[in-house]
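Input: a single structure, listed below in structure tokens.
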Amino acid sequence: MLDELGEPETSKLLSLFTCPINPDVESFLHNNAIMFEGRDTTRTYLMISDAGEIYAFFSLATKELTLLNTNLSKTTVKKIHGANKHAERVPAFLIGQIAKNHSITDNPIRLRDILNEAYGMITLAKEIIGGRVVILECEDNDKLISMYVNHGFTRIDINNSQDSLVTLYKLIIH
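Be aware that the sequence shown starts at 406, since it is given in my numbering, and climbs by one per residue.
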């Protein structure tokens, strides 16, 4: 889209997206998505209606998941890593941002739809470079965490973490 519309028009389109329940994701889309795209650190994908409105978006990146100081058993660490029950780190696909546009009345998109689109892109990357795990980070909010758990993610409790975000993971082994 950035190539087709150019930066000013893309910025204008992105500015119409609203997510009052999570201003951070709205701010990311308005202020950082294009910059991160240009730096090749994140890819942001838009789910667009036939009328050209943004229904939802998600961003993908890679991140190293640290397995030290977690509540994970050695068996789970081995599953995540693929071979080593003492692994300290594993590369992961990160769903960095994910949100639905609240400015669209009766927006038909659901979390399941957004995640399925994200998994589709992750599957393409996995076929090229490999990978076993998807992670996402969210606020420490029981309702939000429960929503992701209901979609197959598992919470990782990280001891001594300075981060206020909760990390969840999902294996993508086929």
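C-beta: ideal position from N, C-alpha, C; glycine also.
(1) Identify which residue in A461, I578, C543 has its Cα closest to the Cα of L418.
(2) Between the Cα of G501 and the Cα atoms of T447, V571, D562, which residue gives the shortest distance?
(3) Is the beta carbon of L434 sitting closer than 8 Å to the one on K468?
(4) Does DSSP put P425 in a helix, a strand or coil?
(5) So, with DSSP's three-state summary, where would you put F441?
(6) Does the Cβ of V430 have 16 or more other Cβ atoms within 10 Å, making it buried, or fewer, making it exposed?
(7) Going by C-alpha distance, which of G457, C424, N436, T423 is nearest L410?
(8) Quick check on the DSSP output: what are the complete beta strand (DSSP E) runs of length 3 or more inside the segment 487-549, in order along the chain?
(9) By Cβ distance, which residues of its chain are closer than 8 Å to T480, with the 5 residues on each side in sequence left out?
(10) With DSSP as the reference, identify every bridge partner of A456, one or two as the case may be.
Reading off the structure:
(1) Indexing the sequence shown from 1 puts residue 418 at position 13. The shortest Cα separation from L418 among A461, I578, C543 belongs to A461.
(2) By 1-based counting over the sequence shown, the position of residue 501 is 96. Checked all of T447, V571, D562; the closest Cα to G501 is T447.
(3) Residue mapping note: residue 434 aligns to position 29 of the sequence shown, counting from 1. Residue mapping note: residue 468 aligns to position 63 of the sequence shown, counting from 1. No; because the gap between Cβ atoms is not below 8 Å, this pair is not in contact.
(4) Locating residue 425 in the sequence shown gives position 20, counting from the first residue. Coil, per DSSP.
(5) Numbered from its first residue, the sequence shown carries residue 441 at position 36. Note: F441 maps to helix in three-state DSSP.
(6) The residue given as residue 430 occupies position 25 in the sequence shown. With 16 or more other Cβ atoms within 10 Å, it is buried.
(7) Here residue 410 refers to the residue found at position 5 of the sequence shown. The residue with the shortest Cα to Cα distance from L410 is G457.
(8) 494-505, 538-544
(9) Counting from 1 along the sequence shown, the entry for residue 480 is found at position 75. Counting only Cβ-Cβ distances below 8 Å, and skipping sequence neighbours, we find K490.
(10) Start at 1 with the first residue of the sequence shown, and residue 456 comes out as number 51. Beta-bridge pairing links A456 to no other residue.
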